[in-house]
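Take the sequence shown: its letter number 148 is residue 148 in full-length UniProt numbering, and every next letter is one higher.
Built from N, CA and C at the ideal position, the CB exists for glycine as well.
Please read these numbers as outputs of a predicted model, since none were measured by experiment.
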Amino acid sequence: MRFEVLRRDGTARLGKFEIGGKTIRTPGLIGKDELETMKIEPHRFIPRLNEDIIEELNPCTAQGDEEYDARVIYYPILPTKNAFLYILASANQYLGDYRTLSEALMKIGDTIPPDSALFLPAIASPENVSIFLFYGVDLFDDIYGKISALRGVYLTTEGEFRLEDLREFPCNCPECFERSPEDVKRFSKRERIDFLKSHNRYALEAEIKKVRILLAKENIREYVEKQCRSSPWLTALLRLVRDDFAEKRSPLFRKTYLYANTFESLDRIEIKNFNRRVMERYEKPDLDTLLILPCSARKPYSLSPSHKKILDVLSKYRRYIHEVILTSPLGIVPRELEIVYPAFHYDIPVTGRWAEEEKDWAKDCSKRYLEKNLYESVIAHVDGVYEQVCKEIERDIGLEFIYTCEDGVTGKRSLENLGEVISGVKKDRAMTSKERKLFSIRSMASYQFGGKIAEDLLSGDVKVRGRYPKMAAFEGENQILKVNRSYGSLDLTIDGAKKIKIKRKRKRKRNSDDYSVEIDDFVPTGDVFAVGVLDANEGIRPNDIVIFEGKRSFGTGRAKMAGWEMIRAKRGSAIKVESVKMK
């Protein structure tokens, strides 16, 4: 028996579960035949009881130290022994208690080994399977569909329907194709139950196939946001996902676009991570004047038609100005970070109207930014809802803004007003075009690796080459960094990694900010697998650029799992190697 995670999309996982010569793609269905081939810890599927009674029964520890393929979890007692598969006992009894179910799944996910599978029996339906996948569940069965069939219930992705209430079937599975509800109602009771069992199974299988496709495309969050609209308790489960549970499993950089289409999108960990890093790791340039601009549909903002017109007006005065973009859902985006994820990889429905939650979030982000980063003057070249938000910020922090828009952001009078105001700004401090490029790379490096590593990397005679945004940093003829627009991040070369190592000259400690991984005594030629990892920085997240080192090799790569998973897991790819050298 073996379980391996092949791909991650935040908290959700795509993998394979090998059992008895059979491979089950996960998320997937497991049945009686597969379970009978396992060595499962002796158990009793007891009803949901309080903690005292469960501890008295002591079902989790009564079996000594014997090894089992699968172990049964009697929540709130959490497992303490390893297995390939964990089964949550009486899971279906939590269907009406979404708070307990949410907390149970997160605590179990944080407790069991990251390379073991979690099975949720007798609970999966086409409507809810995606939210459980989002909680890290890997395996399901068709028991709930069979129970529903006995109740005369027809399951769909949109919810449950009594067979007697249907006038037509919204499904083209082999059971429903060329049949009508009236045809089925003429069946015997046994035949109707068999029909519903078969349809409910087909519907569940189809939904699982769909979410596997979406997971592979890294779009599972968007689908879950859409899917939870059909049920208050599914919406509650989505809203109850804790930030710490999501953050430790979610990448800070990825190729896939983030679509912020719902209220729940504002709560996405990618958005919170971006804002947190802007507040914690970003430092403004030494300039006196801030220019606040609205976002644009095209990314990066500076290459959009509207921003190009504004930059033409700034012209020679741009050296005295620092630019930030006010946007929903990201809040505030410094110009230097407009090509990092998700600022370069998001889209929203543009209507010219913001919900109150969007306004509050943008206002809060901007206020915190302006409280940390001080300017002598602030120019707001914004209109509409952006102007409303700026005026509320202005009132709350007691700083007077200069407004320049009269006829839209790109209107003739607005641009003339902007040019007039800009020409009169304070000119004591300035930044040349070359300095601006270097500052952009430095800001991205600080955002990605932290200020200390950014300082180590970009100290000395470092020059930035390339046309924005296709930039790379060189020390002499050695490239040390380059912009990776696909991921919205910086790629670190082997020369850059060497520079960090030489500069720091200290023993790496876990939880430090060096993004390093200690590997065993080998020279990797492809991926570094978890079994070959001796230690790792627990702050590493999937898709982070890391530096790995062993007795015989030194190199860079892109993390395929979080640092804490590298330490605990024994299976799966930990790092995709980008460059490696023998010592």
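When Cβ pairs closer than 8 Å are counted between the two stretches, the stretch 113-124 is seen not to touch the stretch 218-232, the count staying below three.
By the neighbour-count criterion, in which 16 or more other beta carbons inside 10 Å mark a residue as buried, alanine 355 falls on the exposed side. When the Cα atoms are used, leucine 14 and proline 114 turn out to be separated by approximately 13 Å. The beta-carbon distance between tyrosine 282 and tyrosine 447, rounded to whole angstroms, is 6 Å. This is short enough to meet the 8 Å contact definition. Per the C-alpha coordinates, the member of Val211, Asn484 and Glu376 positioned closest to phenylalanine 401 is Glu376. Straight across, the Cα-Cα distance linking aspartate 491 with valine 129 is about 37 Å. Secondary structure at serine 579: strand, using DSSP grouped into helix, strand and coil. Linking threonine 37 to serine 148 through their CA atoms gives a straight-line distance of about 27 Å.
The beta carbon of valine 333 sits closer than 7 Å to the beta carbons of Val324, Ile325, Thr327 and Ala343 from its chain, once the five residues preceding and following it are set aside; these are given in chain order. Buried is the label assigned to aspartate 138, since at least 16 other Cβ atoms lie within 10 Å of its Cβ. Annotation: the continuous beta strand (DSSP E) that includes isoleucine 292 extends over 289-294. Between leucine 166 and proline 181, the C-beta gap is smaller than 7 Å, which places the two residues in contact. For alanine 473, the enclosing beta strand (DSSP E) begins and ends at 472-475.
Residue environment: arginine 254 is assigned as buried (16 or more neighbouring CB atoms within 10 Å of its CB, all protein chains considered). Out of Ile73, Thr26, Gly28 and Thr11, the CA that lies nearest to the CA of serine 90 is found in Ile73. Between the C-alpha atoms of alanine 83 and leucine 29 there is a straight-line separation of about 19 Å. The C-alpha of leucine 105 is placed about 15 Å away from the C-alpha of lysine 248. The C-alpha of glutamate 475 lies about 55 Å from the C-alpha of tyrosine 98. Taking the Cα of threonine 157 as reference, the smallest distance to any Cα among Glu164, Arg179, Ile131 and Leu215 is reached at Ile131. If you ignore the 5 residues before and after arginine 201, its C-beta comes within less than 7 Å of the C-beta of Asp142 and Gly145, all in its own chain and listed in chain order. Judged by DSSP secondary structure, glutamine 479 falls within the beta strand (DSSP E) whose first and last residues are 478-484. Shown here, alanine 203 sits in a helix according to DSSP, grouped into three states. At a Cβ-Cβ threshold of 7 Å, lysine 284 and histidine 322 count as neighbours. If one requires a minimum length of 4 residues, the alpha helix (DSSP H) runs lying completely within the stretch 397-424 are 412-423, in chain order. Serine 366 is positioned such that its CB atom lies no closer than 7 Å to that of isoleucine 348. For glutamate 247, there is no enclosing beta strand (DSSP E); the enclosing alpha helix (DSSP H) has its first and last residue at 243-247. Between proline 27 and leucine 133, the gap from beta carbon to beta carbon is short of 7 Å.
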